[in-house]
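Visitor: Note that full-length UniProt numbering has the sequence shown beginning at 1, numbered continuously upward.
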Amino acid sequence: MDINETINGLTQELRRGTIIIGVLSQLSEPQYGYSLVTVLKDKGIHVDPNTLYPLLRRLEKQELLASSWDTNEARPRKYYVLSSAGKEVYERLCQEWMDMVSSMDSLIGGGNGNGIS
Numbered sequence: 001m002d003i004n005e006t007i008n009g010l011t012q013e014l015r016r017g018t019i020i021i022g023v024l025s026q027l028s029e030p031q032y033g034y035s036l037v038t039v040l041k042d043k044g045i046h047v048d049p050n051t052l053y054p055l056l057r058r059l060e061k062q063e064l065l066a067s068s069w070d071t072n073e074a075r076p077r078k079y080y081v082l083s084s085a086g087k088e089v090y091e092r093l094c095q096e097w098m099d100m101v102s103s104m105d106s107l108i109g110g111g112n113g114n115g116i117s
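#1: Any idea if VAL101 is buried or exposed, counting beta-carbon neighbours within 10 angstroms, 16 or more meaning buried?
#2: With distance defined between alpha-carbon atoms, name the residue in TYR79, SER35, ILE7 nearest to THR71.
#3: SER67 and GLU60 - do their beta-carbons sit closer together than 7 Å?
#4: Is it the case that the Cβ atoms of LEU64 and SER35 are separated by a distance below 7 Å?
#5: From GLU13 to ILE19, what distance separates their C-alpha atoms?
#6: Could you pull out every residue in the same chain whose Cβ sits closer than 6 Å to the Cβ of ARG77, ignoring the five residues on either side in sequence?
#7: According to DSSP, is ARG77 part of a helix, a strand, or is it coil?
#8: Quick check on the burial criterion: 16 or more other C-beta atoms within 10 angstroms. Buried or exposed for GLY109?
#9: Counting only runs that start and end within the UniProt domain "Transcription regulator PadR N-terminal" (21-91), where is the alpha helix (DSSP H) found for 4 or more residues in a row?
#10: Would you mind working out which of THR6, ARG16, GLY22, ILE3 sits nearest GLU91, comparing C-alpha positions?
#11: Could you say which of ILE45, VAL37, PRO30, GLY44 lies nearest to TYR53 if we only look at CA atoms?
The following block contains the structure:
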């Protein structure tokens with residue numbers, strides 16, 4: 001067993017769900033794909049464009065995002081923004097996230113010493 005390989009795989013699993021919340025958190029204002037990659041990277045969340053674009057399409061198909069094209073630039077850009085359903089889902093996911101963080105904190109050492117040392 002290669003411990004680094006195992007850690008990399010498990011880290012990817014952890015990141016998968018958090019990327020959705022991270023993306024939704026940045027779409028209260030319209031953003032296009034590359035700008036979103038840049039904003040997330042600047043905030044410490046590295047998302048490969050090959051991961052982001054399919055995610056944006058899926059969230060749009062689920063009606064969590066609305067999109068529009070800007071053809072005024074030399075290169076047309078598709079902008080995404082949270083729909084009203086997307087805002088509600090984002091708020092509920094944030095609450096779930098906070099509940100999980102609190103639970104995990106108590107599991108991995110948040111005061112009672114049960115975490116692995």
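Glycine included, C-beta positions come from ideal geometry on N, C-alpha and C. Source: prediction; values computed, not measured.
Guide: Based on what the coordinates show:
#1: So VAL101 ends up on the exposed side.
#2: TYR79
#3: yes
#4: no
#5: The alpha-carbon atoms of GLU13 and ILE19 are separated by roughly 11 Å.
#6: Residues of the same chain with a CB within less than 6 Å of the CB of ARG77, apart from the 5 flanking positions on each side, are TYR32, ASP70 in chain order.
#7: The answer is strand: DSSP assigns ARG77 an E or B state.
#8: exposed
#9: You should have 33-42, 49-61.
#10: GLY22
#11: VAL37
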